[in-house]
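2 protein chains.
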Amino acid sequence: MRRTVRLRDVAAAAGVDASVVSRVLSGDARLSIRPETRERVLAAAARLDYRPNTAARTLKTARTMAIGMIVPDLANVNYATIAQGAEEAATTAGYVLLVAHGSASDRLPDLHGRIDGLLVGMATSETPRHGEFGGGVPALLVNRREPCGIPSVTVDDEAGGTLAVSHLLSLGHRRIAHVAGPQNADTARRRLRGYTAALESAGVRPEPGWIAETTFDEAGGHVAATRLLRLEPRPTALFVGNVRAAIGALAAARRLGLRVPDELSVVGFHDAPFAAYLDPALTTVRMPLEEMGRQAVDSLLALLGGRSVDDTMVATPPELVVRASSAPPPTP
Amino acid sequence: MRRTVRLRDVAAAAGVDASVVSRVLSGDARLSIRPETRERVLAAAARLDYRPNTAARTLKTARTMAIGMIVPDLANVNYATIAQGAEEAATTAGYVLLVAHGSASDRLPDLHGRIDGLLVGMATSETPRHGEFGGGVPALLVNRREPCGIPSVTVDDEAGGTLAVSHLLSLGHRRIAHVAGPQNADTARRRLRGYTAALESAGVRPEPGWIAETTFDEAGGHVAATRLLRLEPRPTALFVGNVRAAIGALAAARRLGLRVPDELSVVGFHDAPFAAYLDPALTTVRMPLEEMGRQAVDSLLALLGGRSVDDTMVATPPELVVRASSAPPPTP
DNA sequence: CTCGGCTAGTCATACGATTGTCTGGGCGCC
DNA sequence: GGCGCCCAGACAATCGTATGACTAGCCGAG
Numbered sequence: 168m169r170r171t172v173r174l175r176d177v178a179a180a181a182g183v184d185a186s187v188v189s190r191v192l193s194g195d196a197r198l199s200i201r202p203e204t205r206e207r208v209l210a211a212a213a214r215l216d217y218r219p220n221t222a223a224r225t226l227k228t229a230r231t232m233a234i235g236m237i238v239p240d241l242a243n244v245n246y247a248t249i250a251q252g253a254e255e256a257a258t259t260a261g262y263v264l265l266v267a268h269g270s271a272s273d274r275l276p277d278l279h280g281r282i283d284g285l286l287v288g289m290a291t292s293e294t295p296r297h298g299e300f301g302g303g304v305p306a307l308l309v310n311r312r313e314p315c316g317i318p319s320v321t322v323d324d325e326a327g328g329t330l331a332v333s334h335l336l337s338l339g340h341r342r343i344a345h346v347a348g349p350q351n352a353d354t355a356r357r358r359l360r361g362y363t364a365a366l367e368s369a370g371v372r373p374e375p376g377w378i379a380e381t382t383f384d385e386a387g388g389h390v391a392a393t394r395l396l397r398l399e400p401r402p403t404a405l406f407v408g409n410v411r412a413a414i415g416a417l418a419a420a421r422r423l424g425l426r427v428p429d430e431l432s433v434v435g436f437h438d439a440p441f442a443a444y445l446d447p448a449l450t451t452v453r454m455p456l457e458e459m460g461r462q463a464v465d466s467l468l469a470l471l472g473g474r475s476v477d478d479t480m481v482a483t484p485p486e487l488v489v490r491a492s493s494a495p496p497p498t499p
Numbered sequence: 168m169r170r171t172v173r174l175r176d177v178a179a180a181a182g183v184d185a186s187v188v189s190r191v192l193s194g195d196a197r198l199s200i201r202p203e204t205r206e207r208v209l210a211a212a213a214r215l216d217y218r219p220n221t222a223a224r225t226l227k228t229a230r231t232m233a234i235g236m237i238v239p240d241l242a243n244v245n246y247a248t249i250a251q252g253a254e255e256a257a258t259t260a261g262y263v264l265l266v267a268h269g270s271a272s273d274r275l276p277d278l279h280g281r282i283d284g285l286l287v288g289m290a291t292s293e294t295p296r297h298g299e300f301g302g303g304v305p306a307l308l309v310n311r312r313e314p315c316g317i318p319s320v321t322v323d324d325e326a327g328g329t330l331a332v333s334h335l336l337s338l339g340h341r342r343i344a345h346v347a348g349p350q351n352a353d354t355a356r357r358r359l360r361g362y363t364a365a366l367e368s369a370g371v372r373p374e375p376g377w378i379a380e381t382t383f384d385e386a387g388g389h390v391a392a393t394r395l396l397r398l399e400p401r402p403t404a405l406f407v408g409n410v411r412a413a414i415g416a417l418a419a420a421r422r423l424g425l426r427v428p429d430e431l432s433v434v435g436f437h438d439a440p441f442a443a444y445l446d447p448a449l450t451t452v453r454m455p456l457e458e459m460g461r462q463a464v465d466s467l468l469a470l471l472g473g474r475s476v477d478d479t480m481v482a483t484p485p486e487l488v489v490r491a492s493s494a495p496p497p498t499p
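Structure, rendered in structure tokens:
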């Protein structure tokens with residue numbers, strides 16, 4: 168008994184030509200075949216547990232049925248969550264997901280010839296040049312929208328920012344500051360825009376000094392929040408554009424002796440399992456990251472199908488998760 | 168100008184047969200060739216930017232140069248970190264990494280024929296049966312060691328447990344309780360063993376009641392810690408076998424009105440970027456997870472190379488990261 | 001009776017690389 | 001000078017699938 172069952176083995180077992188088996192299994196409509204013969208073929212394939220050889224198929228059709236995903240840092244829970252969603256959607260469509268970490272231009276050569284399309288996650292620190300990505304393969308930018316010649320999938324960061332700030336406004340806050348992410352990343356810019364829009368539609372004029380730009384990590388949040396909390400008059404609330412930075416902001420408040428939420432409210436961006444167990448439990452905006460991963464794959468597949476794809480935004484709206492870190496401002 | 172450059176195109180450009188190009192590029196020692204001709208071949212390949220067609224090569228050699236990794240949950244930072252290390256090692260060896268999430272038996276069919284070897288991460292909730300994995304492909308268990316017929320790569324969880332508990336002992340603690348993980352997972356069992364060993368070698372008899380088994384997440388840590396902290400006499404320190412559970416334990420302490428570290432010391436397992444920003448900053452044991460991912464790939468490649476591979480343990484020792492959550496016990 | 005057309009398939013080739021085997025020619029050796 | 005040997009490559013056969021082209025046989029129509 169030979170260990171790999173080929174098309175011709177199935178054909179022999181069913182008493183037909185290999186090409187018939189191929190067409191039956193792929194559902195070729197142009198093949199005319201007696202129901203009885205078709206049954207024989209299907210039965211033989213099932214009995215022998217036939218699995219098409221991916222390499223041969225790829226060689227012949229020039230399609231790998233694999234998509235690649237390059238992210239700056241797989242250990243970052245945001246990217247990992249996106250990847251998880253992407254893997255799910257890829258599997259559903261019969262594709263596999265191939266991951267790499269680093270920058271797209273560095274890593275693309277490693278994936279050359281192994282993927283039909285590419286998902287690119289870009290570090291917030293990167294400012295892409297036009298035409299930089301997708302050397303040959305169709306590519307899609309995930310969680311960033313940049314004029315680099317490839318379409319993107321994003322979540323509604325602006326709505327998320329507005330949601331967070333509206334929540335604070337509705338609690339009665341007026342002096343709301345924003346720990347913003349790197350402004351070269353449009354993602355961070357959109358969150359800032361959501362912040363500004365919410366304030367303006369409430370008739371609050373956002374002061375430039377209320378906005379502190381920083382990196383999206385704990386240390387960055389700590390530094391920026393410290394700066395904002397030394398302002399006079401001190402903001403009564405902080406909208407932090409990232410959950411890791413929010414942890415840093417909470418630490419900064421503690422360090423300055425400010426009680427949260429009594430003296431200061433804090434709202435983070437992106438939810439994380441641990442947010443509920445922080446001290447105090449962190450109010451956050453939950454973004455549909457996994458959904459974004461799925462959507463990205465779907466759009467990429469559309470692109471592969473020859474359809475043209477625009478920048479899209481995941482329809483699932485952000486969701487406010489109210490916990491203990493937000494409360495009405497102190498009465499003066 | 169045709170867009171895909173084949174071996175025969177390079178051959179034509181160099182004025183030789185395609186087989187010569189193949190052997191030159193693959194460094195076949197059995198080929199004898201004039202240096203001048205070799206140069207012509209190399210120059211032609213470089214000039215035409217020749218890239219071997221992976222599918223054709225795979226078809227011919229029956230090697231995919233890809234390894235698969237199936238983990239229960241990619242969004243879990245531990246698995247993501249392991250994956251990151253694995254991806255790095257795979258790339259170094261000229262392989263690509265293909266990820267999937269779910270259980271190995273469910274997902275293996277999706278990877279069939281696309282990988283040369285498989286890395287399996289198992290959920291702590293799973294108890295594997297012998298012979299369950301690796302239908303056909305060489306497989307390696309990551310971060311678990313189970314008698315299921317495939318070798319494993321682990322980190323030194325016992326040493327990690329001992330490290331944590333020794334730290335607490337050296338601070339003067341004697342009533343040290345342990346929030347343990349699911350005992351069907353050997354990983355959790357080894358941490359428990361490290362805990363027990365450290366106590367015993369210090370002449371402290373571990374009470375069975377000091378050990379609370381739970382799941383490795385925030386909620387589990389919260390519940391288990393609450394139970395332990397209601398004991399009489401109350402433990403003065405907690406060794407929590409997981410960083411997420413440690414966050415839950417800190418929350419439990421707060422809830423019970425216990426000040427950390429004044430009234431209670433807490434040490435977590437696995438470090439995470441946010442641990443330094445918790446209140447109080449969490450003392451943890453840092454495990455070489457990324458290194459484990461790298462090691463796993465290296466071992467898997469050895470297995471593929473026909474060498475036999477034993478259960479191995481990453482040599483890099485765990486590292487104690489002392490922060491604010493551990494201090495000498497209160498003086499009665 | 002013959003021709004056309006349809007049914008139910010068969011045949012053959014291509015995809016691009018690897019690798020075992022073979023050969024023309026030059027040269028050394030006796 | 002003839003023989004064999006080695007050098008430097010050429011030849012050819014796969015690997016397993018997909019797919020355009022083709023055909024044997026049968027039936028119905030004219």
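Protein chains in written order, with my numbering: chain A, 168 to 499; chain B, 168 to 499. Backbone N, C-alpha and C define an ideal beta-carbon position, used for all residues, glycine too. Model, not experiment: these values are computed from the prediction.
| query | result |
| --- | --- |
| Which listed residue (Val238/A, Ile414/A, Val244/A, Pro400/A) has its alpha carbon closest to that of Asp273/A | Val238/A |
| Reference Thr294/A; option with closest CA among Pro276/A, Ala253/A, Ala355/A | Ala355/A |
| Extent of the continuous alpha helix (DSSP H) to which Glu458/B belongs | 456-471 |
| Sheet register partners of Ala347/A (DSSP bridge) | Glu380/A |
| Minimum Cβ-Cβ distance from Tyr217/A to chain B less than 8 Å | no |
| Inter-residue Cα distance where the pair is His268/A and Ile378/A | 31 Å |
| Ordered list of alpha helix (DSSP H) runs contained in the stretch 172-245 of chain B, each at least 4 residues | 174-181, 185-193, 202-215, 221-228 |
| C-beta contact flag for His334/A and Val434/A at 8 Å | yes |
| Cβ contact check for the stretch 484-499 of chain A and the stretch 169-183 of chain B: 3 or more pairs under 8 Å | no |
| Nearest to Val287/A (by Cα), restricted to the options Met236/A, Leu330/A, Pro318/A | Met236/A |
| One or two residues paired with Phe436/B in a DSSP bridge | Val452/B |
| CA-to-CA distance, Ala392/B to Gly408/B, given in whole angstroms | 11 Å |
| 8 Å Cβ cutoff, Arg173/B in contact with chain A | no |
| Contact set for Lys227/A: own chain, Cβ-Cβ below 7 Å, skip 5 residues either direction | none |
| Nonlocal neighbours in the same chain, by C-beta distance under 7 Å from Asp353/B, ignoring five residues either side | Arg311, Arg312, Glu313 |
| C-beta neighbour in chain B for Pro496/A, strict 8 Å | no |
| Secondary structure of Leu275/A, DSSP reduced to three states | helix |
| Residues sharing a beta bridge with Ser319/A, DSSP | Leu308/A |
| Cβ of Glu486/A within 8 Å of any chain B Cβ | no |
| Thr501/B to Pro219/B span [Cα, whole Å] | Absent from the model: residue 501/B. The displayed extent of chain B is 168 to 499, so no value can be given. |
| Element boundaries [beta strand (DSSP E), containing Val263/B] | 263-268 |
| Environment of Pro499/B [buried if 16+ CB atoms lie within 10 Å] | exposed |
| Ser193/A to Ile234/A span [Cα, whole Å] | 21 Å |
| Boundaries (first-last residue) of the beta strand (DSSP E) holding Ala404/B | 404-407 |
| Own chain, CB closer than 6 Å to Asp478/B, minus 5 neighbours either side, in chain order | Arg312, Pro318, Ser319 |
| Neighbour list for Ile414/A in chain B, Cβ cutoff strictly below 8 Å | Phe441, Tyr444, Leu445 |
| Limits of the unbroken alpha helix (DSSP H) element including Gly339/B | Gly339/B -> no alpha helix (DSSP H), and no H or E assigned at all. |
| Limits of the alpha helix (DSSP H) - the one that Leu359/A falls within | 353-368 |
| Bridge partners - Met480/B, DSSP secondary structure assignment | Thr321/B |
| Beta-carbon proximity list for Arg372/A, same chain, < 8 Å, skipping 5 on both sides | Leu366 |
| Meets three-Cβ-pair contact criterion under 8 Å: the stretch 455-475 of chain B and the stretch 247-261 of chain B | yes |
| Straight-line Cα distance separating Pro496/B from Ala404/B | 8 Å |
| Ala416/A versus Ala213/B - alpha carbon distance | 52 Å |
| Sheet register partners of Glu486/B (DSSP bridge) | Arg453/B |
| Local Cβ density within 10 Å of Leu275/A, reported as buried at 16 or more and exposed below that | buried |
| Distance between beta carbons of Thr291/A and Phe128/A, contact taken as under 8 Å | Nothing about residue 128/A can be reported from this structure: the residues present for chain A run from 168 to 499 only. |
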